[in-house]
Amino acid sequence: MAKKCRFRQRPCKRFAGCGIKRSTCGRATRVSFGVHVDVNTSVSGRSMLSGCAGAVQLDKSVMQIGPHQAGAGQWRFSLWAPRARSVDLLLGDSPGVLDVVVPMEAAGQGYWRAETNHARPGRRYRFRLTYPDGSSVERADPASHLQLEDVHGPSVVVDHGAYAWRHDHFAPPLLEETIIYELHVGTFTPDGTFDAAAKRLDHLVELGITAVELMPVAQYPGSRNWGYDGVYPFAVHTAYGGPDGLKQFVDACHGRGIAVILDVVYNHLGPEGNYLRDFGPYFTAAYKTPWGEAVNFDGPGSDGVRNYFIENALHWLDRYRIDALRLDATHAIFDRRPTHILADIAEAVESLAAHLGRRLLVIAESDLNDPRLVRPRAANGLGMDAVWCDDFHHAVHALLTEEHDGYYMDYGSAQNVARAIENGFVYTGQYSPFRGHGHGAPCPDVDPARFITCIQNHDQVGNRMLGDRLASLLDFESCKCAAAMLLLSPQTPLLFMGEEFAEDNPFLYFISHLDSDLVDAVRQGRKKEFAHFMGGGEPPDPQGEATFTKSKLDWSMIESSRGAAMFAWYKALIALRRSLPKAEPGETRACLLRSGDILRLERGQELTAFFNLSNTKTYQELSAHMPSGQWRTTLDSADRRFAGGGSDSSGLGSRGVRIYTKETSR
Numbered sequence: 001m002a003k004k005c006r007f008r009q010r011p012c013k014r015f016a017g018c019g020i021k022r023s024t025c026g027r028a029t030r031v032s033f034g035v036h037v038d039v040n041t042s043v044s045g046r047s048m049l050s051g052c053a054g055a056v057q058l059d060k061s062v063m064q065i066g067p068h069q070a071g072a073g074q075w076r077f078s079l080w081a082p083r084a085r086s087v088d089l090l091l092g093d094s095p096g097v098l099d100v101v102v103p104m105e106a107a108g109q110g111y112w113r114a115e116t117n118h119a120r121p122g123r124r125y126r127f128r129l130t131y132p133d134g135s136s137v138e139r140a141d142p143a144s145h146l147q148l149e150d151v152h153g154p155s156v157v158v159d160h161g162a163y164a165w166r167h168d169h170f171a172p173p174l175l176e177e178t179i180i181y182e183l184h185v186g187t188f189t190p191d192g193t194f195d196a197a198a199k200r201l202d203h204l205v206e207l208g209i210t211a212v213e214l215m216p217v218a219q220y221p222g223s224r225n226w227g228y229d230g231v232y233p234f235a236v237h238t239a240y241g242g243p244d245g246l247k248q249f250v251d252a253c254h255g256r257g258i259a260v261i262l263d264v265v266y267n268h269l270g271p272e273g274n275y276l277r278d279f280g281p282y283f284t285a286a287y288k289t290p291w292g293e294a295v296n297f298d299g300p301g302s303d304g305v306r307n308y309f310i311e312n313a314l315h316w317l318d319r320y321r322i323d324a325l326r327l328d329a330t331h332a333i334f335d336r337r338p339t340h341i342l343a344d345i346a347e348a349v350e351s352l353a354a355h356l357g358r359r360l361l362v363i364a365e366s367d368l369n370d371p372r373l374v375r376p377r378a379a380n381g382l383g384m385d386a387v388w389c390d391d392f393h394h395a396v397h398a399l400l401t402e403e404h405d406g407y408y409m410d411y412g413s414a415q416n417v418a419r420a421i422e423n424g425f426v427y428t429g430q431y432s433p434f435r436g437h438g439h440g441a442p443c444p445d446v447d448p449a450r451f452i453t454c455i456q457n458h459d460q461v462g463n464r465m466l467g468d469r470l471a472s473l474l475d476f477e478s479c480k481c482a483a484a485m486l487l488l489s490p491q492t493p494l495l496f497m498g499e500e501f502a503e504d505n506p507f508l509y510f511i512s513h514l515d516s517d518l519v520d521a522v523r524q525g526r527k528k529e530f531a532h533f534m535g536g537g538e539p540p541d542p543q544g545e546a547t548f549t550k551s552k553l554d555w556s557m558i559e560s561s562r563g564a565a566m567f568a569w570y571k572a573l574i575a576l577r578r579s580l581p582k583a584e585p586g587e588t589r590a591c592l593l594r595s596g597d598i599l600r601l602e603r604g605q606e607l608t609a610f611f612n613l614s615n616t617k618t619y620q621e622l623s624a625h626m627p628s629g630q631w632r633t634t635l636d637s638a639d640r641r642f643a644g645g646g647s648d649s650s651g652l653g654s655r656g657v658r659i660y661t662k663e664t665s666r
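Quick note, in full-length UniProt numbering, the sequence shown goes up one by one and the last residue is 666.
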């Protein structure tokens, strides 16, 4: 989620921030849901934009916004601009000379379209919007696929059919087989590009990762940003390598058996270069978000807004062969229409998946602890495939660090950790002292694989004033203990880049806005945000290039004895996890032994693990607490290959972990 402060109930208010071949049949086209069907029928069997029974039916091809090839040398442009009286398409070969003018035709319900042979890949274009009062503005395409001259420049025509995919038959893992690795392209490597990131994929294969999750890559102002200030949701940022760079990265991942998840932001757009208001009612004052006005998903004009974001979801899954989308902060997406926009997105993605014969997933980030997100639409759920589960992180972090500020006041006990391991959600309706009311809902029927859990992620690290990672907050054994809790739990685990080799470089909040007033506002906002914490210290300058540079991974860490030992620990845990059968709901048990310092975790009949949660060695006899049967020690955090002090059968060291697996008869 973008910029959520751990000391507040709500996120901090900051200035945060077609691969389908077309049929030769004249009645077939790719419509708003990205699938070939008769132009008179949408994939869902209903028109998103039709009104009453007497409404004029809109040509569904118009809803495929942006530029699209329409035949040999022909390009079709479609735009939703209900505020305009007339629209002209302006094209040219340089940013400052757009000398070809193509009048667009009104297509109904605020849509405009034009076909021209003056467009070609690499050519710049804008739209000239003339309003009823006679005034006009020139703007880039809200559905631009490339912005070579940053957020204030013209759009660029992109030919998505030009890229030759090498791995056409990749099948992503099932959720229960998925181990996610979250990375920020700009700080994952020194070069900060897709190409450089692809060169590190063999490291992830060795680790056992099965899915990479990219923080947002849509065009934002400047060259440094977390990605949540994006203002062109369809455009791949040029600093990372643009459209072809992303396709090459996805292709390289698929060639190594790694799925790609993309973080997308549908709850707000960034403040700089955001010109959507000039086109239509994209935003509403009916609701407020931490970033200002909410996106208009349910007010007048919301049909076009909904189509815009559904088209965006299909854009990434279709043209870039992304395997799953992570929807940022869905609790800040407000919609009172009978069918929630999240359900519409899920339906559209499901339809595209059926057409392409690929498994496509939609993952929601939410802090509501609401199982309806992952329940089927037929059961009045929203049809998401998985949901981020912050409770797991909070429970483990508060226990091991002993931090109790902000929302951590709701956690901190070993019992909360046991509950998180068993249920995912810690809060399922009981009173939350931090929120001052009951929080969450029961979820006994939810497949544990549908919960995405972590011990670190971009939010939980980056929203600390100094961007502290666990390796900077905890001793080495505690970090290993946290990793084992994560990777042995039944939920789907997510690692944050670098944690596998105990990276202690910070992950800070950074921007590179072009507007000096906005930069000053962000700086002051950061100072105010942390004024009452960390002794009122000075947060690093978010605009400073040094802040960005400090956030890059130090890959030499993996060569150190400490980094190599942590990598070996993670690698062994992941290999063990991948050897276990799928965990069914209610099958994982976690409890505290009599002393309260030892946590026992049982995964079905196959695995039993003990965690010493205290800061001192325990001499409690573990064998007395083993289930029946023959068991062998499989992993011990005290093993010297994991930089431990040596295994000791007489007890379990401080924050130590010992893992047993059941002997199988031969």
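We put the beta carbon where it would ideally sit given N, CA and C, even for glycine.
Query raised in the report: If you draw a straight line from the C-alpha of C25 to the C-alpha of E177, how long is it?
Result: Along the sequence shown, read from residue 1 onward, the residue named residue 25 stands at position 25. Along the sequence shown, read from residue 1 onward, the residue named residue 177 stands at position 177. The predicted position of C25 is uncertain, since its pLDDT is 32 and thus under 50; no value can be drawn from it.
Requested in this report: Please state whether DSSP places R14 in a helix, a strand or coil.
Outcome: Your numbering for residue 14 matches position 14 in the sequence shown. Interpretation of R14 is limited by its pLDDT of 29, a score under 50 that renders its predicted location unreliable; the figure taken from the coordinates is listed afterwards. Three-state DSSP puts R14 in coil, outside helix and strand.
Report task. Compute the Euclidean distance between the alpha carbons of P154 and D141, then round it to the nearest angstrom. Result -> The residue labelled residue 154 in the question sits at position 154 within the sequence shown. The residue labelled residue 141 in the question sits at position 141 within the sequence shown. Straight-line Cα distance between these residues: approximately 8 Å.
Query raised in the report: Could you give the distance in angstroms between the alpha-carbon of V522 and the alpha-carbon of G467?
Result: To locate residue 522, count along the sequence shown from 1; it is residue 522. To locate residue 467, count along the sequence shown from 1; it is residue 467. When rounded, the distance between both Cα atoms is 17 Å.
Requested in this report: Compare the beta carbon distance of V374 and V387 with 8 Å and say whether it is the shorter of the two.
Outcome: In the sequence shown, the residue the question calls residue 374 occupies position 374. In the sequence shown, the residue the question calls residue 387 occupies position 387. Contact flag set, yes.
Query raised in the report: Helix or strand or just coil, what does DSSP make of E584?
Result: For the purposes of this step, residue 584 is identified with residue 584 of the sequence shown, where counting begins at 1. Coil.
Query raised in the report: Tell me which same chain residues have a C-beta within less than 8 Å of the C-beta of T588, skipping the five on either side of it?
Result: To locate residue 588, count along the sequence shown from 1; it is residue 588. Here the set comprises I421, E422, P448, S489, P490, L601, E602, R603 and G604.
Query raised in the report: Which whole-angstrom value is the C-beta distance of I455 and A483, which I expect to be below 8 Å?
Result: The residue labelled residue 455 in the question sits at position 455 within the sequence shown. The residue labelled residue 483 in the question sits at position 483 within the sequence shown. Indeed they touch by this definition, with Cβ atoms about 7 Å apart.
Query - Burial state of W316, where buried means 16 or more other Cβ atoms lie within 10 Å - result: The residue given as residue 316 occupies position 316 in the sequence shown. Buried, since its Cβ has 16 or more Cβ neighbours within 10 Å.
Query raised in the report: Where does D517 sit, in a helix, a strand or coil, going by DSSP?
Result: Counting from 1 along the sequence shown, the entry for residue 517 is found at position 517. Correct three-state label for D517: helix.
Requested in this report: Leaving aside the five residues before and after R277 along the sequence, list all residues of the same chain whose C-beta is less than 7 Å from its C-beta, in chain order.
Outcome: Here residue 277 refers to the residue found at position 277 when the sequence shown is read from its first residue. Excluding sequence neighbours, R277 sits near F283.
Query raised in the report: Taking the alpha-carbon positions, what's the R658 to A590 distance?
Result: Along the sequence shown, read from residue 1 onward, the residue named residue 658 stands at position 658. Along the sequence shown, read from residue 1 onward, the residue named residue 590 stands at position 590. Taking the straight line joining both Cα atoms gives about 14 Å.
Report task. Tell me whether C454 sits in a helix, a strand or coil according to DSSP, three-state version. Result -> If you number the sequence shown from 1, residue 454 lands on position 454. In the structure shown, C454 sits in a strand (DSSP, three-state: E or B).
Requested in this report: Return the bridge partner residues of S78 from the DSSP annotation.
Outcome: Working through the sequence shown from its first residue, we reach residue 78 at position 78. DSSP, once it has assigned bridges, lists G66 and R113 as partnering S78.
Query - Which of helix, strand or coil DSSP assigns to W388 - result: Against the sequence shown, residue 388 aligns to sequence position 388. W388: strand per DSSP, three-state reduction.
Query - Contacts around P77, its chain only, beta-carbon distance under 6 Å, and the 5 residues preceding and following it disregarded - result: Taking the first residue of the sequence shown as position 1, residue 77 is located at position 77. Strictly speaking, residue 77 in this sequence is Phe, with Pro absent from that position. Cβ neighbours of F77 beyond the five flanking positions: P67, L89 and A114.
Query - Straight-line gap, A568 to N457 (C-alpha atoms, nearest Å) - result: Along the sequence shown, one-based indexing puts residue 568 at 568. Along the sequence shown, one-based indexing puts residue 457 at 457. Approximately 21 Å between the Cα atoms of the pair.
Report task. Please state if the CB of G273 and the CB of P221 are separated by a distance shorter than 8 Å. Result -> Start at 1 with the first residue of the sequence shown, and residue 221 comes out as number 221. Start at 1 with the first residue of the sequence shown, and residue 273 comes out as number 273. Contact: yes.
Query - Cβ neighbours of R337 in the same chain (closer than 6 Å, five flanking residues each side left out) - result: The residue you call residue 337 lines up with position 337 of the sequence shown. D298.
Query raised in the report: Once you ignore the five residues that flank Q430 on each side, which residues in its own chain have a CB closer than 7 Å to its CB?
Result: Counting from 1 along the sequence shown, the entry for residue 430 is found at position 430. Answer for Q430: G438, listed in chain order.
Query raised in the report: Could you give the distance in angstroms between the alpha-carbon of G73 and the alpha-carbon of K571?
Result: Along the sequence shown, read from residue 1 onward, the residue named residue 73 stands at position 73. Along the sequence shown, read from residue 1 onward, the residue named residue 571 stands at position 571. Using only the alpha carbons, I get a separation of about 52 Å.
Query - Stretch-stretch touch, CB-based, cutoff 8 Å, three pairs: the region 636 to 644 with the region 474 to 483 - result: yes
Report task. Return the chain-ordered ranges of every alpha helix (DSSP H) run that is complete within the region 278 to 335 and spans a minimum of 4 residues. Result -> 302 to 319
Query raised in the report: Looking at the structure shown, is R469 part of a helix, part of a strand, or coil, going by DSSP?
Result: The residue given as residue 469 occupies position 469 in the sequence shown. DSSP places R469 in coil when its eight states are reduced to three.
Report task. Work out the CA separation of F510 and M409 for me, nearest whole Å. Result -> Here residue 409 is taken as the residue at index 409 of the sequence shown, counted from 1. Here residue 510 is taken as the residue at index 510 of the sequence shown, counted from 1. Cα to Cα, M409 sits roughly 28 Å from F510.
Query - Check whether G653 and N615 have beta carbons under 8 Å apart - result: On the sequence shown, position 653 is the one that residue 653 refers to. On the sequence shown, position 615 is the one that residue 615 refers to. No; because the gap between Cβ atoms is not below 8 Å, this pair is not in contact.
Report task. Starting from the Cα of G186, find the closest Cα among L368, S86, G242 and Y163 and give me that residue. Result -> For the purposes of this step, residue 186 is taken as residue 186 along the sequence shown, with counting starting at 1. G186 has its Cα closest to that of G242, out of L368, S86, G242 and Y163.
Report task. Could you check the C-alpha separation between F194 and E311 for me, to the nearest Å? Result -> Counting from one through the sequence shown, the residue named residue 194 turns up at place 194. Counting from one through the sequence shown, the residue named residue 311 turns up at place 311. Spanning the two alpha carbons is a distance of roughly 24 Å.
Query raised in the report: Does the distance from the CB of V212 to the CB of H237 come in under 8 Å?
Result: The residue given as residue 212 occupies position 212 in the sequence shown. The residue given as residue 237 occupies position 237 in the sequence shown. It is not a contact, given that the beta carbons lie outside the stated cut-off.
Query raised in the report: Between A55 and the rest of its own chain, which residues show a CB-CB distance below 8 Å, the 5 nearest in sequence each way excluded?
Result: Locating residue 55 in the sequence shown gives position 55, where the first residue counts as 1. In this predicted model, A55 has a pLDDT of only 46, less than 50, meaning its place in the structure is not dependable enough to derive any value.
Query raised in the report: Between the beta-carbon of M497 and the beta-carbon of E182, is there less than 8 Å?
Result: Position 497 of the sequence shown, counting from 1, holds the residue named residue 497. Position 182 of the sequence shown, counting from 1, holds the residue named residue 182. Cβ atoms of M497 and E182: closer than 8 Å.
Report task. Below 7 Å CB to CB, which residues in the same chain sit around H152 once its five sequence neighbours on both sides are set aside? Result -> Counting from one through the sequence shown, the residue named residue 152 turns up at place 152. Cβ within range, chain order: G273.
Query raised in the report: Smallest Cα separation from D251: which of A198, E403, S86 and A324?
Result: As a first step, residue 251 is located in the sequence shown; it is residue number 251 there, counting from the start. Comparing Cα-Cα distances from D251 to each of A198, E403, S86 and A324, the minimum goes to A198.
Query - Coarse secondary structure for V374, derived from DSSP in three states - result: Counting from 1 along the sequence shown, the entry for residue 374 is found at position 374. V374: helix per DSSP, three-state reduction.
Query - Rounded straight-line distance, which links the Cα of H513 to that of E545 - result: By 1-based counting over the sequence shown, the position of residue 545 is 545. By 1-based counting over the sequence shown, the position of residue 513 is 513. Using only the alpha carbons, I get a separation of about 12 Å.
**Report entry** Where W555 falls: helix, strand or coil (DSSP)
**Finding:** One-based indexing of the sequence shown puts residue 555 at position 555. In this structure, W555 counts as helix in the three-state DSSP scheme.
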